[in-house]
Amino acid sequence: MSAVSSAVPVAVGVPEVLQRCRELVRPVLAETVGRLHPWVGEMAGYAFGWCEVGGAPAAAPGGKGVRQALAVLGAEAAGADGRDGVAAAVAVELVHAFSLVHDDIMDGDATRRGRPTVWKAYGTGPAVLAGDALFALAVETLAAAPGGTTALRRLSVTLADLLRGQADDLLFATRPWTGPERVRPAEYRAMAEHKTGALLGCAAALGAVLGGAPPATADALDRAGRHLGVAFQVVDDVLGLWGDPAVTGKPVHADLRERKKTFPVLAALDAPHPAASHLAGLLESDGEGTEAAALIEAAGGRAAALAEAHRHVAAAETALAAVPLRAAAAAQLRALPAFLLRRDL
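Pasting the structure below:
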């Protein structure tokens, strides 16, 4: 049993909720992507895991569909039909795919979910084009939806946050591990909110907006999604250090080998523990990943990351409790964090 799952109760029914939302969204998402130029559409389909290079159907695993579920549940929580949130779900999925395609290029990542990234499979130029097309399609999709003008304003704020988060993430790589210029956990937290949390918050808020919710309800759902995003990112960081490659799709200690400044590492370096200074020296000398992971855990980095994730889950629950929501949808929204934190390490 993982350190995450041992502290979190089972979220009953969440897989079924995710499946229900995927079944609502997937046909519309596929139809929307199908409007692209055939070659660009093939690259988009490859990015979603639907096809191989050349267009043959693929059995590659996709994501859990959390953003889709947040958009659909956001509409339902506002008292509307879940189908009213489908356009928001499609737009957010397109933006997310766009961000991953471009992030992989910027980070130089060669694989995602166990297979070549879009730029490795098709080339850098074509991958940039595919990402741009996904972004443009997201804007077009949301603009065409009833209530799309208000929704687009929210999406534009989210896009600015995504860019801010990605800029910080890239700059973190240039900063030292130690000294006054090192990256602090608080800076990482802000980056994660912008890069990961903003889009989750946007998904829930856009679903509510298209479902006719007042601004206060959309704002509360946005806050909840942002906190959920930070928790999700921090748990991803833990998985990147101690997760099972069969589950994560990444080699063990991949983040350490790539010298990524993840939350467990930064928390360990900030800790008043003898292992912290040993860790700093090891990171600066490009030391071996297994030893570094052991030092991070000894200095409390793993425990600090899990505590951070749980704090953000609690903050998400507080945000949801601040506004009146339809009970069934609100319960499903509250179950999502526990389910996500139970990912096996």
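Basically my numbering = 1-based index in the sequence shown + 82.
No residue lacks a Cβ here, since even glycine has one placed at the ideal position from N, Cα and C.
Which partner residues does residue i have in the DSSP bridge list?
{"i": "Pro198", "result": "Thr193"}
{"i": "Pro139", "result": "Cys133"}
Cβ atoms of residue j and residue i: under 8 Å apart, would you say?
{"i": "Val265", "j": "Leu348", "result": "yes"}
{"i": "His394", "j": "Leu310", "result": "yes"}
{"i": "Val312", "j": "Thr278", "result": "yes"}
{"i": "Val200", "j": "Ala129", "result": "yes"}
{"i": "Ala285", "j": "Ala179", "result": "no"}
{"i": "Ala233", "j": "Ala227", "result": "yes"}
{"i": "Val154", "j": "Gly167", "result": "yes"}
{"i": "Ala77", "j": "Arg236", "result": "Any property of residue 77 remains undetermined from this structure, which presents the chain solely from 83 to 427."}
{"i": "Pro198", "j": "Met125", "result": "no"}
{"i": "Thr260", "j": "Ala362", "result": "yes"}
Excluding the five sequence neighbours on either side, which residues of its own chain have a C-beta within less than 7 Å of the C-beta of residue i, listed in chain order?
{"i": "Asp243", "result": "His276, Ala280"}
{"i": "Ala412", "result": "Ala159, Leu402"}
{"i": "Val122", "result": "Leu211, Ala212, Ala215"}
{"i": "Leu364", "result": "Glu373, Ala374, Leu377"}
{"i": "Gly230", "result": "Leu224"}
{"i": "Ser181", "result": "Leu244"}
{"i": "Gly136", "result": "none"}
{"i": "Gly127", "result": "Val115, Cys133"}
{"i": "Arg104", "result": "Gly147, Gln150"}
{"i": "Ala140", "result": "Gly131, Trp132, Cys133, Glu134"}
{"i": "Ala336", "result": "Gly322"}
{"i": "Pro162", "result": "At residue 162 the sequence reads Ala, which differs from the Pro that was named. Within the same chain, Ala162 has close Cβ partners Gly293, Gly294."}
{"i": "Ala169", "result": "Thr223, Leu224, Ala227, Leu292"}
{"i": "Glu366", "result": "Trp259"}
Roughly how many whole angstroms lie between the Cα atoms of residue i and residue j?
{"i": "Arg305", "j": "Glu390", "result": "16 Å"}
{"i": "Leu323", "j": "Leu106", "result": "35 Å"}
{"i": "Arg271", "j": "Asp186", "result": "21 Å"}
{"i": "Glu175", "j": "Ala220", "result": "8 Å"}
{"i": "Val148", "j": "Gly307", "result": "10 Å"}
{"i": "Val115", "j": "Leu292", "result": "21 Å"}
{"i": "Ala268", "j": "Phe345", "result": "9 Å"}
{"i": "Ala409", "j": "Arg339", "result": "45 Å"}
{"i": "His184", "j": "Ser359", "result": "35 Å"}
{"i": "Gly296", "j": "Val239", "result": "For the sequence presented, residue 296 should be read as Pro rather than Gly. Roughly 18 Å separates the two Cα atoms."}
{"i": "Asp33", "j": "Ala157", "result": "Nothing about residue 33 can be read from this structure; the chain reaches only from 83 to 427."}
{"i": "Glu399", "j": "Gln414", "result": "12 Å"}
{"i": "Val110", "j": "Arg117", "result": "11 Å"}
{"i": "Met188", "j": "Leu253", "result": "12 Å"}
{"i": "Thr206", "j": "Val177", "result": "19 Å"}
{"i": "Arg384", "j": "Val334", "result": "15 Å"}
{"i": "Pro258", "j": "Asp319", "result": "19 Å"}
{"i": "Pro262", "j": "Ala173", "result": "41 Å"}
{"i": "Gly164", "j": "His119", "result": "30 Å"}
{"i": "Lys343", "j": "Glu113", "result": "39 Å"}
{"i": "Pro327", "j": "Ala397", "result": "30 Å"}
{"i": "Arg341", "j": "Arg108", "result": "36 Å"}
Tell me which residues share the same chain as residue i and place their Cβ nearer than 8 Å to its Cβ, disregarding the 5 neighbours each side in the sequence.
{"i": "Thr299", "result": "Ala159, Ala160, Ala290, Val405, Pro406, Leu407"}
{"i": "Gly382", "result": "Ala349, Ala350, Ala353, His355"}
{"i": "Leu282", "result": "Val148, Arg149, Leu152, Gly307, Arg308, Leu310, Gly311, Phe314"}
{"i": "Gly371", "result": "Val334, His335, Leu338, Arg339"}
{"i": "Arg241", "result": "It is Leu, not Arg, that sits at residue 241 in the sequence shown. Taken in chain order, the residues that qualify are Val177."}
Below 6 Å CB to CB, which residues in the same chain sit around residue i once its five sequence neighbours on both sides are set aside?
{"i": "Met273", "result": "Gly247, Asp250, Asp251"}
{"i": "Ala89", "result": "Because the pLDDT of Ala89 is 37, which lies under 50, any placement of that residue in the model is unreliable, and the question is left without a value."}
{"i": "Ser87", "result": "Its pLDDT being 36, under 50, Ser87 is placed unreliably in this model, and the value from its coordinates should be taken loosely. Closer than 6 Å at Cβ, skipping near neighbours: Arg424."}
{"i": "Val316", "result": "Phe345, Ala387, Glu390, Ala391"}
{"i": "Leu422", "result": "Phe314"}
{"i": "Ala203", "result": "Val135"}
{"i": "Leu303", "result": "Gly156, Ala286, Ala287, Ala290"}
query = Is the region 354-362 close to the region 247-254, with three or more CB pairs under 8 Å?
reply = no
ask   = Hey, is the region 186-196 in contact with the region 99-114, meaning 3+ C-beta pairs nearer than 8 Å?
value = no
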